[in-house]
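Chains as they are written, first to last, in our numbering: chain A, 1 to 216; chain H, 1001 to 1224; chain P, 2001 to 2243.
Just so you know, even glycine gets a beta-carbon here, dropped at the ideal spot from N, CA and C.
Following: one structure in structure tokens, then a few remarks.
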Amino acid sequence: MIREFGPNDIVYLLEAARWTVALALIAAVGGGILGVIVAVLRIVPFKPANWLAIGFINLIQGTPLLGQLFVFFFGLPLFHVVVDPWVAAALSLSIYASAFLGEIWRGSLQSVSPRQWEAGASLGLPYHQRLLHVILPQAIRIAVPPTVGFLVQLVKDTSLTALIGFVELTRESQILSNSTYAPLQVYGVAALIYFVICFALTRLSQRLERTPHAAR
Amino acid sequence: MSYNFRFSALLPYTDEIVRGVVLTLQLSVITMSIGLVIGLFVALARTGSIPVLRGAATTYVEAIRNTPLLVQLLIVFFGLPHLGIRFDANTAAVVALSINLGAYCGEILRAGLQSIRTSQVEAGRSLGLTAGQTFRHVVLFQAVKAVYPALTSQFVLLLLATSVVSAIGATELFSEASFIDSRTYRSFETYSLITAAYLVLTLTFRALFAVVWQLVFVRRSRSR
Amino acid sequence: MPLVEVSDIHKSFGVVEVLKGISLTVDKGEIVAVIGRSGSGKSTMLRCLNGLEKVQAGRIVVAGTEVTSPDADLNRLRQQAGMVFQSYNLFPHLSVERNITLALTLVRKMKLPAAREIAKEMVARVGLADKLGAYPDELSGGQQQRVAIARSLAMQPTLMLFDEITSALDPELVGEVLRVLEGVAKDGMTMMLVTHEMNFAKNVADRVIFMHEGRIHEDGPARQTLVEPRTAELRSFLSAVLH
Ligand SMILES: Nc1ncnc2c1ncn2[C@@H]1O[C@H](COP(=O)(O)OP(=O)(O)OP(=O)(O)O)[C@@H](O)[C@H]1O
Ligand SMILES: [Mg+2]
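This is the structure:
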């Protein structure tokens, strides 16, 4: 049954956008936790751990997220995990995010000059205090803008979960587009919602990039 | 674990996979070319002195970069026909991907152009080169060199992103997956294999880009 | 007992031997200027003294700590042997005051108010009393280097190592840093400083060590060594730096 595109549809889209945001948040948190592990494995002075991390990063960054989503969606049931697009989407996006966040954070950590380590050492600071008080605060400042930048990417990437049937903003748009036959309006509004979320994050990351007293 | 993995079930579909790879390569290369040209114009507009063009380019870049490719694709394929602009699925894919890539290339090239110091332009002009010659031979070469890594990783991202166009029924590697899946009912094996095929493609592209870097930028700057 | 005892240390980076058997002693209160061509191993030697570089052979004892022993407590040693670098290496994310109090509170376990008192005293000593709240990127190079000296001094080391601390500075800023160094010297601090400022070495140092190709080529009283070099290498080095 075909009906007109109306204000109600905008409400539906906004409601669906909550799932977009929720999924992005879960992936950011899950990916953040895994990302720390990836970054650590990547820098510890133990070659097999480094290789493992590098292999993982290349695998995730070298294959399409869409493919990863399908592999999880069809693969999880084989391991007797419930077939649910929500689970597949959250897990898959977290793993995807971890490869990118891990690399961003490793890069930030390593971009703090080794001289800062030496300066800390020369004051008698033990290793963990050098890391905690000298290196990490600087690394975090360096890491924040690209991390927020990646979150923009992540929000946009959640749209792909529509294709494994997870009902978020894009999937809801497809459904409404079919029932209203007003794709231009429906997708236009969806794009606008994405834009508002992403643009706000982009602006935030640009502002964070201008924090004073960052490492030279 | 009771499931029997049978990748051999996919063997009869080698032709489909090869065809998918070729289609994806075609799609990627066409899109990269168009996207690069769009990007160049966008970068020129954004660094230029005409406010209208600058504003239009900025709006375009922000609109594209802050919305998902899939939604852009759906707008082009399902939305534009309502304005009388009609494409078949494969053309819509090229259009949407190029518009998308153009915005990212534009940003990257803009950064490249802005990294070239005015002294380089002055040096070119003072040797008697025209503005156009200075741009082509002095500025552009160095700008592209400065952003080559960013540009090529964007290309790799595009290669991966082409998989999305299967959503509107365009034909490429990922759409072959759903075809094979529908015949074999071996979803997990099919999608694992197709996903792995992309890994081969990205590794190949990265290697190619590295070779081009060596040939075009490293050798040239050493011999000069 | 000497404060610094170095016996026959050898140090290589890969296949390149940079220190080829260095021995020296420094007494308490002595001010030693280390000079020599670029690449002669001056920085490397200094960095070995506080354990930033590991030696392949030889023995180093600084302020009673055997640096070269595998279980040396380097963090304790480094509180005894402060080091100031060519590139200042202030912590950019911390104010001048926090740069100074950080190690006092974390390493010395001082209460913050007490540490801040020391910070105040130290910045006054290097002539920057008004910059306590400033951040490194708000200071000139000379001011940053003076803060770095204050930061090191605050730990009350028994020995201070300075590695070309004026080399990165604009010429007009060198004087202010050298004056601070002179003040520190007058207060009786034991100092080893790598420097290209020959006048400063002549006037402030007690002793000059000339390094050449990874060895100590000359070692003697500052004025005498610089005015009447015994070896051709030092003579040619001096004529090169003094034009
Ligand atoms: N971390 C390192 N790895 C490899 N080689 C090094 C390292 N540090 C120093 N070297 C080499 O050791 C030699 C001595 O270096 P050092 O920095 O001690 O010289 P220097 O006398 O301080 O010179 P300068 O006046 O230029 O500071 C040089 O040839 C240098 O290239
Ligand atoms: Mg040196």
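Given this structure, state the Cα-to-Cα distance separating H133/A from L2019/P, to the nearest angstrom.
The sequence position of residue 133/A within the first sequence is 133, counting from 1. The sequence position of residue 2019/P within the third sequence is 19, counting from 1. So the two alpha carbons sit approximately 34 angstroms from each other.
Tell me, please, whether the CB atom of R1062/H is closer than 8 angstroms to any CB atom in chain A?
Locating residue 1062/H in the second sequence gives position 62, where the first residue counts as 1. In the sequence as presented, Arg is not what sits at residue 1062/H; that position holds Glu. So yes, E1062/H belongs to the interface.
Simplified DSSP assignment, three categories, for M2001/P
Residue numbering aside, residue 2001/P sits at position 1 when the third sequence is read from its first letter. If DSSP states are grouped into helix, strand and coil, M2001/P belongs with coil.
Measuring straight from C-alpha to C-alpha, what distance separates I1108/H and A1207/H?
Against the second sequence, residue 1108/H aligns to sequence position 108. Against the second sequence, residue 1207/H aligns to sequence position 207. Using only the alpha carbons, I get a separation of about 21 angstroms.
Going by other Cβ atoms of all chains shown within 10 Å of its Cβ, with 16 needed for buried, is N178/A buried or exposed?
Counting from 1 along the first sequence, the entry for residue 178/A is found at position 178. That one is exposed.
Could you have a look at F2210/P and say whether DSSP puts it in helix, strand or coil?
On the third sequence, residue 2210/P is found 210 positions in, with the first residue counted as 1. F2210/P: strand per DSSP, three-state reduction.
Beta carbons nearer than 9 angstroms to chain A: which residues of the region 1075–1094 of chain H have them?
I1075, F1077, F1078, G1079, L1080, P1081, H1082 and L1083
To the nearest angstrom, report how far apart Q2143/P and G2127/P are at their CA atoms.
Along the third sequence, read from residue 1 onward, the residue named residue 2143/P stands at position 143. Along the third sequence, read from residue 1 onward, the residue named residue 2127/P stands at position 127. Near 9 angstroms, if we compare the C-alpha coordinates of G2127/P and Q2143/P.
Spatial neighbours of I37/A in its chain, beta-carbon cut-off 8 angstroms, leaving aside the 5 residues before and after:
On the first sequence, position 37 is the one that residue 37/A refers to. The answer, listed in chain order, is S98 and G102.
What does the alpha-carbon distance come out to for the pair R207/A and F1007/H?
In the first sequence, residue 207/A corresponds to position 207, counting from 1. In the second sequence, residue 1007/H corresponds to position 7, counting from 1. Between R207/A and F1007/H, the C-alpha separation is close to 50 angstroms.
Please state whether DSSP places D2027/P in a helix, a strand or coil.
In the third sequence, counting from the first residue as 1, residue 2027/P sits at position 27. Here D2027/P sits in coil by DSSP.
Do L1151/H and C1105/H have their CB atoms nearer than 8 angstroms?
Here residue 1151/H refers to the residue found at position 151 when the second sequence is read from its first residue. Here residue 1105/H refers to the residue found at position 105 when the second sequence is read from its first residue. Yes, the pair counts as a contact, with Cβ atoms nearer than the cut-off.
Anything with a beta carbon under 5 angstroms from a heavy atom of ligand 1 counts; list them all in chain order.
F2013/P, V2018/P, S2038/P, G2039/P, S2040/P, G2041/P, K2042/P, S2043/P and T2044/P
So, is T2166/P buried or exposed, given that buried needs 16 or more other C-beta atoms within 10 angstroms?
In the third sequence, residue 2166/P corresponds to position 166, counting from 1. That one is buried.
For D2163/P, which residues does DSSP report across the bridge?
Translated into positions along the third sequence, residue 2163/P becomes position 163. In the DSSP output, where bridge partners are listed per residue, D2163/P has V2194/P.
With distances taken Cα to Cα, identify the nearest neighbour of S1153/H among L1101/H, Q1214/H and V1165/H.
Numbered from 1 along the second sequence, position 153 holds the residue referred to as residue 1153/H. Cα-wise, what sits closest to S1153/H is L1101/H.
Residues that P146/A contacts on chain P, provided the C-beta gap is smaller than 9 angstroms:
For the purposes of this step, residue 146/A is taken as residue 146 along the first sequence, with counting starting at 1. By Cβ distance, chain P contributes nothing, its closest Cβ being about 18 angstroms from P146/A, past 9 angstroms.
Between S122/A and chain P, is any beta-carbon pair separated by less than 8 angstroms?
As a position in the first sequence, residue 122/A is number 122, starting the count at 1. Yes, its Cβ sits closer than 8 angstroms to a Cβ of chain P.
If you count every other CB in all the chains shown that lies within 10 Å of the CB of R1224/H, and 16 or more means buried, which is it?
To locate residue 1224/H, count along the second sequence from 1; it is residue 224. Residue placement at R1224/H is poorly supported in this model, since its pLDDT is 44, which falls under 50; the coordinates still yield a value, given next. Exposed, since its Cβ has fewer than 16 Cβ neighbours within 10 Å.
Helix or strand or just coil, what does DSSP make of K2011/P?
Reading the third sequence from its first residue, position 11 is the one you call residue 2011/P. The answer is strand: DSSP assigns K2011/P an E or B state.
Flag T1031/H as yes if its beta-carbon sits less than 8 angstroms from any beta-carbon of chain A, otherwise no.
As a first step, residue 1031/H is located in the second sequence; it is residue number 31 there, counting from the start. No, T1031/H does not count as interfacial toward chain A.
For V2032/P, which residues does DSSP report across the bridge?
The count along the third sequence starts at 1 and reaches residue 2032/P at position 32. V2032/P is bridged to M2192/P and R2207/P.
One or two residues paired with M2083/P in a DSSP bridge
Counting from 1 along the third sequence, the entry for residue 2083/P is found at position 83. Per DSSP, L2161/P.
Burial state of S218/A (16 or more Cβ within 10 Å)
The structure shown has nothing for residue 218/A, since chain A only spans 1 to 216.
Please list, in chain order, the chain H residues whose beta carbon lies closer than 8 angstroms to that of Y194/A.
For the purposes of this step, residue 194/A is taken as residue 194 along the first sequence, with counting starting at 1. Within 8 angstroms Cβ-Cβ: N1066, T1067, P1068 and V1071.
Any C-beta of chain H under 8 angstroms from that of F5/A
The count along the first sequence starts at 1 and reaches residue 5/A at position 5. For F5/A, the answer is no, since every Cβ of chain H falls outside 8 angstroms of its Cβ.
Kindly indicate if chain D contains any beta-carbon less than 8 angstroms away from that of P85/A.
In the structure shown, chain D cannot be found, because the protein chains are A, H and P.
Indicate the three-state DSSP secondary structure (helix, strand or coil) for R2125/P in the structure shown.
Position 125 of the third sequence, counted from the start, is the residue given in the question as residue 2125/P. Helix.
Using a Cβ-Cβ cutoff of less than 8 angstroms, which residues in the same chain neighbour S159/A once the five nearest sequence positions on both sides are dropped?
Within the first sequence, numbered from 1, the residue matching residue 159/A stands at position 159. Same-chain partners within the cutoff: T20, E168, L169, T170 and Y194.
Quick one: does Y187/A have its CB under 8 angstroms from some CB of chain H?
In the first sequence, residue 187/A corresponds to position 187, counting from 1. So, interface residue.
Chain P partners of L125/A, CB-CB under 8 angstroms?
Residue numbering aside, residue 125/A sits at position 125 when the first sequence is read from its first letter. Per Cβ cutoff of 8 angstroms: N2075, L2102, A2103, L2106 and V2107.
Any chance the CB of V2034/P is under 7 angstroms from a heavy atom of ligand 2?
Mapped onto the third sequence, residue 2034/P falls at position 34. Checking every heavy atom of ligand 2 against the Cβ of V2034/P, none is found closer than 7 angstroms.
R216/A to V2006/P span [Cα, whole Å]
Residue numbering aside, residue 216/A sits at position 216 when the first sequence is read from its first letter. Residue numbering aside, residue 2006/P sits at position 6 when the third sequence is read from its first letter. Since pLDDT at R216/A reaches only 44, below the 50 mark, its modelled position is unreliable, and the value read off the structure follows with that caveat. Rounded to the nearest angstrom, the two C-alpha atoms are 36 angstroms apart.
Consult DSSP for V2093/P and reduce its assignment to one of helix, strand or coil.
Position 93 of the third sequence, counting from 1, holds the residue named residue 2093/P. For clarity, residue 2093/P is His in the given sequence; the question names Val instead. In the structure shown, H2093/P sits in coil (DSSP, three-state: anything other than H, G, I, E or B).
Could you check the C-alpha separation between I1099/H and Q174/A for me, to the nearest Å?
Position 99 of the second sequence, counted from the first residue, corresponds to residue 1099/H. Position 174 of the first sequence, counted from the first residue, corresponds to residue 174/A. Cα-Cα distance, rounded: 21 angstroms.
Beta-bridge partners of E2172/P, as assigned by DSSP
On the third sequence, position 172 is the one that residue 2172/P refers to. According to DSSP, which records beta bridges pairwise, E2172/P is partnered with nothing at all.
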